[in-house]
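Written below as structure tokens is the structure these notes are about.
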Amino acid sequence: MYKKSGRDYEFKSSRIRISHNVQLDNLEFRPKIRLVFALQGETHLSFNGSEIRLQAQHKNSGILLPVLESLAGKKIYHQGNQEEFVLFLDESWFDRLTGDESINGLSLLRTSYFVVTDYMRHLIRCLNQLSDKNGLLASLQQERLITELIFEVFRQFSFARPEDCFSQREPSERVKRLFRLIMNGNTDGLSIKEIARLCHSNPTTLQHEFKEAYQQSIGEFIRNQRLKQAASLLLAGEKVGDVAYFCGYDRIDSFSRAFKKMYQLSPQQLKESSLGQSEKTEKP
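Mapping of the sequence shown onto UniProt numbering: residues 1 to 284, in sequence order.
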């Protein structure tokens with residue numbers, strides 16, 4: 001179990017094995033907006049006269065839980081393996097989102113269930129891998145992952161029903177295989193036709209199933225992953241031109257526009273912020 005925090009958020013990850021049912025009484029639920037992800041087993045909370053039970057293998061495996069005032073409650077641990085991830089948000093996060101007319105702000109103030117997708121699980125795994133790392137690069141990566149995780153959850157509420165945003169069916173084996181290939185860098189330089197062949201499918205079917213699962217085309221998803229790698233390379237001191245070429249861009253200005261759209265700062269600004277932080281750290 002570990003806990004980390006940032007500017008206006010805090011998150012806690014835990015993985016435990018319970019030999020017999022345990023109930024913790026008299027817990028204080030402090031004012032925070034919580035996002036709870038049941039990744040294995042069951043998460044069971046009770047407070048304010050309500051019972052909340054999340055099953056990792058069920059449709060309602062995550063919950064948006066706004067606690068606007070301190071409440072007393074309890075948590076029940078059920079026998080077996082349990083893994084959960086909890087993200088605590090300050091109200092400033094919510095304030096940013098309410099400016100988006102596509103999101104029903106009132107619904108976000110109510111307890112709302114959501115679907116924990118494979119991509120959310122991937123983002124949480126990446127956050128877990130950063131748990132023992134410090135410094136500017138780790139902080140920037142953590143901020144990006146948290147923002148992306150929040151976006152993946154909140155965009156389910158921009159639709160009338162969660163099923164309008166995410167398919168409730170389990171992604172096909174070929175889509176899961178494609179996801180692993182992309183994350184391991186095994187699709188670099190391949191055409192969609194070649195990628196489909198690796199997944200024992202055809203381009204049309206694979207594109208349709210992948211977009212249904214991740215709400216992005218295969219090409220968009222790969223480009224976004226490369227831009228995330230680009231940030232790490234820039235912070236490691238690589239030249240902007242070299243990083244642009246690595247990401248598949250022939251023109252630096254095209255790469256810079258795509259990068260700024262994703263990170264709200266240019267590649268050069270990211271490099272300069274990294275250098276400034278290094279100089280500050282090295283001063284006696």
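Beta carbons: idealized from backbone N, C-alpha and C, even for Gly.
Please determine whether the Cβ atom of residue i lies at a distance below 7 angstroms from any heavy atom of the ligand HEM.
i, result
"I218", "Summarising the ligand content, the structure contains no ligands, and the ligand HEM is consequently not present."
With DSSP as the reference, label residue i as helix, strand or coil.
i, result
"V116", "coil"
"S19", "coil"
"T187", "coil"
"K239", "coil"
"G135", "coil"
"T111", "coil"
"S254", "helix"
"G219", "helix"
"N224", "helix"
"S172", "coil"
"H44", "strand"
"S14", "strand"
"K249", "A small correction: the amino acid at residue 249 is Tyr; Lys does not occupy that position in the sequence shown. Y249: coil per DSSP, three-state reduction."
"S266", "coil"
"I65", "It is worth fixing the name first, because residue 65 is Leu in this sequence and not Ile. If DSSP states are grouped into helix, strand and coil, L65 belongs with the strands."
"L130", "coil"
"E51", "strand"
List the endpoints of the continuous alpha helix (DSSP H) containing residue i.
i, result
"K59", "Run containing K59: none; DSSP gives neither H nor E here."
"Y77", "Segment 71 to 77 is the beta strand (DSSP E) holding Y77; no alpha helix (DSSP H) there."
"Y214", "203 to 214"
"R155", "From DSSP, R155 is part of no alpha helix (DSSP H); its letter is neither H nor E."
"L198", "192 to 198"
From this set, the options, which residue's C-alpha is nearest residue i's C-alpha?
i, options, result
"C126", "S139, R155, C247", "S139"
"L235", "P203, D250, E272, D242", "E272"
"I18", "H208, F37, S254, N81", "N81"
"L45", "R197, A196, Y77", "Y77"
"D25", "G73, I63, R15", "G73"
"L87", "E51, N128, G248", "N128"
"N224", "V153, Q207, L136, R144", "R144"
"P267", "R110, L206, L233", "L233"
"P66", "Y249, H58, L89, D132", "L89"
"D132", "L270, I222, I252, S13", "S13"
"D118", "I218, L68, A213", "A213"
"L270", "I52, H208, L137, T187", "L137"
"F85", "S61, L68, E69", "S61"
"H58", "F47, T43, S50, G49", "T43"
"G219", "T187, V243, E91", "T187"
"G185", "Q229, S172, R174, P171", "Q229"
"E209", "A231, G241, R174", "R174"
"K75", "I33, V116, F29", "F29"
"S172", "T205, Q141, H20, G189", "T205"
"T111", "V22, N21, F47", "F47"
I need the straight-line Cα distance from residue i to residue j, nearest angstrom please.
i, j, result
"Y263", "A56", "32 angstroms"
"F11", "L35", "9 angstroms"
"K37", "F151", "In the sequence as presented, Lys is not what sits at residue 37; that position holds Phe. Distance between the alpha carbons of F37 and F151: 14 angstroms."
"L130", "H122", "13 angstroms"
"Q168", "L265", "Confidence at Q168 is low in this model, with a pLDDT of 45, below 50, so the placement of that residue should be treated as unreliable; the coordinate-derived value is given next. Roughly 36 angstroms between the two C-alpha positions."
"L198", "S254", "30 angstroms"
"I16", "S201", "39 angstroms"
"S107", "I195", "Here S107 scores only 44 on pLDDT, less than 50, and its place in the model should not be relied on; the value that follows carries that caveat. The straight-line gap from Cα to Cα measures roughly 40 angstroms."
"Q40", "K239", "42 angstroms"
"Y113", "F221", "26 angstroms"
"I52", "R155", "22 angstroms"
"E83", "I124", "11 angstroms"
"R257", "P31", "39 angstroms"
"C247", "E69", "47 angstroms"
"L27", "K211", "42 angstroms"
"N134", "V153", "26 angstroms"
"D242", "Y249", "10 angstroms"
"Q79", "S50", "21 angstroms"
"V115", "I33", "17 angstroms"
"Q141", "Q23", "36 angstroms"
"K193", "N21", "51 angstroms"
Would you grab the beta carbon distance between residue i and residue j for me? Rounded to a whole angstrom, and I think it's under 8 angstroms.
i, j, result
"M120", "L149", "6 angstroms"
"Y9", "I146", "6 angstroms"
"L227", "F179", "That pair is no contact at about 17 angstroms."
"L54", "I63", "6 angstroms"
"S217", "Q207", "6 angstroms"
Along the chain, where does the beta strand (DSSP E) that runs through residue i open and close?
i, result
"R34", "32 to 40"
"Q82", "80 to 89"
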